[in-house]
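Letter by letter, the sequence shown follows residues 221 to 714 in the numbering used here. To start, the structure itself, in structure tokens.
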Amino acid sequence: MSETAAPHASDIQAGARANIGVVGLAVMGSNLARNLASREGNTVAIFNRSHEKTEHLVATHPEAGFAPSTSYAEFAASLQRPRTAIIMVKAGAPTDAVIDSLVAVFEPGDIIVDGGNALFTDTIRRERAVRATGINFVGAGISGGEEGALLGPSIMPGGSDESWVTLGPILRSIAAVAEGEPCVTHVGHDGSGHFVKMIHNGIEYADMQLISEAYDLIRHGTGKTPAQIADIFSEWNRGELESYLIEITAEVLRQIDARTGAPLIDVILDEAGSKGTGVWTVQNALALGVPVSGIAEAVFARSLSSHPEQRLVSGNLPGPQQTLTVPDEAAFIEDVRLALYASKIVAYSQGFDAIRAGAMEYNWTIDLGAIAKIWRGGCIIRAQFLNRIADAYAAEPDMPVLLTAPYFVEAFGRAQAGWRRVASAAAGSGIPAPAFSSSLSYYDGLRADHLPAALVQGQRDFFGAHTYRRRDMAGTFHTLWSGDRSEIEADDTH
Ligand code: NBP
221 MSETAAPHAS DIQAGARANI GVVGLAVMGS NLARNLASRE GNTVAIFNRS HEKTEHLVAT
281 HPEAGFAPST SYAEFAASLQ RPRTAIIMVK AGAPTDAVID SLVAVFEPGD IIVDGGNALF
341 TDTIRRERAV RATGINFVGA GISGGEEGAL LGPSIMPGGS DESWVTLGPI LRSIAAVAEG
401 EPCVTHVGHD GSGHFVKMIH NGIEYADMQL ISEAYDLIRH GTGKTPAQIA DIFSEWNRGE
461 LESYLIEITA EVLRQIDART GAPLIDVILD EAGSKGTGVW TVQNALALGV PVSGIAEAVF
521 ARSLSSHPEQ RLVSGNLPGP QQTLTVPDEA AFIEDVRLAL YASKIVAYSQ GFDAIRAGAM
581 EYNWTIDLGA IAKIWRGGCI IRAQFLNRIA DAYAAEPDMP VLLTAPYFVE AFGRAQAGWR
641 RVASAAAGSG IPAPAFSSSL SYYDGLRADH LPAALVQGQR DFFGAHTYRR RDMAGTFHTL
701 WSGDRSEIEA DDTH
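This is the structure:
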């Protein structure tokens, strides 16, 4: 598809000098507006509900040459056609309010982009409603926090092919660049971009939990200080685990609290918060029937940590002392590294399986390899390792389960003995490592010739006549558990 962004001369209204606009100038919107303004050829229209933020941005960044507005009508008039505006406001009702205001002043062919963290089903609803007016609506996941918005985020836009023609060059110009490629791709239609962003955040939860479990086990097993463990993470960051999250983990562990002089990690309360995208990932994966156990355990672990009233009364529960005796420190640390790597492959594989299932459910055509590539830069889960995922999908685009790609099979071959030792050591000493353990169980579940699901089917048929299928013949069967005949065929469809 050709991608020429320049508007026709006849489309340029008198006084309309901006080719792109931003509505919502809190931390993300103002940084994104500055990023847009810093790129050759862009003039950025800006609007915020409370005008002080607009004035502040113009005053603090005169070099950006912003075109500020005090009303939606003025904002629309300052934009060349097709008008293109990126909304960066609080997700939910504020986003709906801004969309309604823009629809009132925009015209057919114009483009409204929601760059906030919308739930993808809201994006599907909004896209349908806005499309009915002839205006294009694009839900775009944007990852990278405030620094990414300013310097180059990873961008996951959905929406129509028509809007991508205008939007593609603009988004490519502001996205992070990884190995010479901009970290943005047209993910698919309607809510696909926000769906992929949701899964990105779910993977982020799992990755953070796995890293935290690795830190905790090393601390228990070796007695090393946070600063010494920071050095281990820095070392790991030079190998196959190289990633932004490993890099910042070392920095967090090295930090000293200015008030007490203690390692900051020992001062921070161990109750993890969340903004809900992990929960969305798990809820939607459950609805799609995709086991995302690594992500789910990470969400549950944050939830467990945030119930002080339960933890307060549970300290006397019987169990090991939660101390770990490690005969060979270096070997143990290497085992933990391998456990982290293998569990990380599981979490990413589950996340990509969820994208594949979502694409089938919602009729999106999503290039999974392209998603791996746009996550290599700008976003929180950026990592070298994503190149291996892109390679795997390039070799076999319809792979039923990502972790069976040859590169990962080889990695599991190297990692699994250490992974098992770490999971056993954690269980034996009573140190919680839910994401390590559940990732290993998932892996073994996939490998198993026989699963205990046969017994579950027997139980279901016993109490609810839910029927079962047999190994040795086609068809669906029900057993008369207390009757004369032991089995009847439940249907004759075979
Ligand atoms: P916030 O999520 O804190 O939202 C504040 C902005 O929303 C302000 O500009 C505010 O205008 C505007 N707003 C609200 Br609240 N209600 C409004 C309404 N009814 N009409 C018009 N404007 C309204 O800002 P943020 O942290 O910059 O995040 C923006 C979006 O980006 C969110 O969807 C967020 O989830 C997403 N995001 C954030 C990050 C991050 O790291 N922070 C990362 C990725 C994505 P006002 O000034 O008049 O109150």
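All C-beta atoms, glycine included, are put in the ideal place defined by N, C-alpha and C.
Does DSSP put GLU294 in a helix, in a strand, or in coil? Position 74 of the sequence shown, counted from the first residue, corresponds to residue 294. In the structure shown, GLU294 sits in a helix (DSSP, three-state: H, G or I).
Kindly confirm or deny that the stretch 314–321 and the stretch 331–338 touch, where touching means at least three C-beta pairs closer than 8 Å. Touching, yes, given that three or more Cβ pairs across the two stretches are closer than 8 Å.
Distance check for VAL325 and MET428, CA to CA, integer angstroms please. For the purposes of this step, residue 428 is taken as the residue at position 208 of the sequence shown. For the purposes of this step, residue 325 is taken as the residue at position 105 of the sequence shown. Cα-Cα distance, rounded: 43 Å.
Backbone secondary structure at PHE340 - three-state DSSP: Residue mapping note: residue 340 aligns to position 120 of the sequence shown, counting from 1. Helix.
Please indicate yes or no: does the CB of LEU245 lie closer than 7 Å to some heavy atom of the ligand NBP? Taking the first residue of the sequence shown as position 1, residue 245 is located at position 25. At least one heavy atom of the ligand NBP is nearer than 7 Å to the Cβ of LEU245, so yes.
Can you tell me which of ALA567, THR290 and LYS593 puts its alpha carbon nearest to the alpha carbon of VAL404? Here residue 404 refers to the residue found at position 184 when the sequence shown is read from its first residue. Considering only alpha carbons, the answer is LYS593.
With a threshold of 7 Å, establish whether the CB of VAL358 neighbours any heavy atom of the ligand NBP. The sequence position of residue 358 within the sequence shown is 138, counting from 1. No.
Give a single yes or no on whether GLY336 has its beta carbon closer than 7 Å to a heavy atom of the ligand NBP. If you number the sequence shown from 1, residue 336 lands on position 116. Result yes, Cβ under 7 Å from the ligand NBP.
Check the Cβ-Cβ distances between LEU675 and every residue of chain D, and say whether any is below 8 Å. No chain D is present in this structure, which holds just one protein chain.
The beta strand (DSSP E) enclosing ALA305, as first and last residue numbers: As a first step, residue 305 is located in the sequence shown; it is residue number 85 there, counting from the start. Unbroken beta strand (DSSP E) run through ALA305: 304–307.
Rounded straight-line distance, which links the Cα of ASP681 to that of GLY665: Along the sequence shown, one-based indexing puts residue 665 at 445. Along the sequence shown, one-based indexing puts residue 681 at 461. Spanning the two alpha carbons is a distance of roughly 23 Å.
Using 10 angstroms around the beta-carbon of ASP573, count the other beta-carbons present and answer buried if the total reaches 16, otherwise exposed. If you number the sequence shown from 1, residue 573 lands on position 353. Buried: at least 16 other Cβ atoms inside 10 Å.
Give me the residue from VAL487, VAL472 and GLY571 with the minimum Cα distance to ARG479. Within the sequence shown, numbered from 1, the residue matching residue 479 stands at position 259. Nearest of VAL487, VAL472 and GLY571 to ARG479, Cα basis: VAL487.
Rounded straight-line distance, which links the Cα of PHE697 to that of ALA507: Taking the sequence shown and counting its residues from 1, one reaches residue 507 at position 287. Taking the sequence shown and counting its residues from 1, one reaches residue 697 at position 477. Distance between ALA507 and PHE697, taken at the CA atoms: about 27 Å.
Under 8 Å, do THR442 and GLU549 count as touching if we go by C-beta distance? As a working mapping, residue 442 is identified with position 222 in the sequence shown. As a working mapping, residue 549 is identified with position 329 in the sequence shown. Closer than 8 Å, so yes.
Taking 6 Å as the limit between beta carbons, can you name the residues of its chain near TRP384, skipping five residues before and five after? Here residue 384 is taken as the residue at index 164 of the sequence shown, counted from 1. Counting only Cβ-Cβ distances below 6 Å, and skipping sequence neighbours, we find HIS406.
Taking only the alpha-carbon atoms, compute the straight-line gap between VAL416 and SER380 and give it to the nearest angstrom. Working through the sequence shown from its first residue, we reach residue 416 at position 196. Working through the sequence shown from its first residue, we reach residue 380 at position 160. In this model, VAL416 and SER380 are separated by some 16 Å (Cα to Cα).
Going by the DSSP bridge assignment, what does GLU401 pair with across the sheet? Within the sequence shown, numbered from 1, the residue matching residue 401 stands at position 181. Beta-bridge partners assigned by DSSP to GLU401: ALA398.
Could you check where the alpha helix (DSSP H) with ILE553 kicks off and where it finishes? The count along the sequence shown starts at 1 and reaches residue 553 at position 333. For ILE553, the enclosing alpha helix (DSSP H) has its first and last residue at 549–582.
With 16 as the cutoff for other CB atoms within 10 Å, does LYS495 come out buried or exposed? Along the sequence shown, read from residue 1 onward, the residue named residue 495 stands at position 275. LYS495 counts as exposed, since fewer than 16 other beta carbons sit within 10 angstroms of its beta carbon.
Supposed contact pair ILE331 and THR304 - C-beta distance, whole angstroms, cut 8 Å: Position 84 of the sequence shown, counting from 1, holds the residue named residue 304. Position 111 of the sequence shown, counting from 1, holds the residue named residue 331. So it is a contact: roughly 4 Å between Cβ atoms.
With a threshold of 7 Å (Cβ to nearest heavy atom), would LEU314 be considered close to the ligand NBP? In the sequence shown, the residue the question calls residue 314 occupies position 94. The identity of residue 314 in the sequence shown is Pro, whereas the question assumes Leu. Distances from the CB of PRO314 to the heavy atoms of the ligand NBP include at least one below 7 Å.
Going by DSSP, what residue range makes up the alpha helix (DSSP H) through ASP664? Within the sequence shown, the letter at position 444 stands for residue 664. First-last of the alpha helix (DSSP H) with ASP664: 654–667.
Who pairs with VAL333 in a beta bridge, going by DSSP? The residue given as residue 333 occupies position 113 in the sequence shown. According to DSSP, VAL333 bridges with ILE306 and VAL358.
6 Å Cβ shell around ARG641 - same chain, five flanking residues per side excluded: By 1-based counting over the sequence shown, the position of residue 641 is 421. Here the set comprises ASP555.
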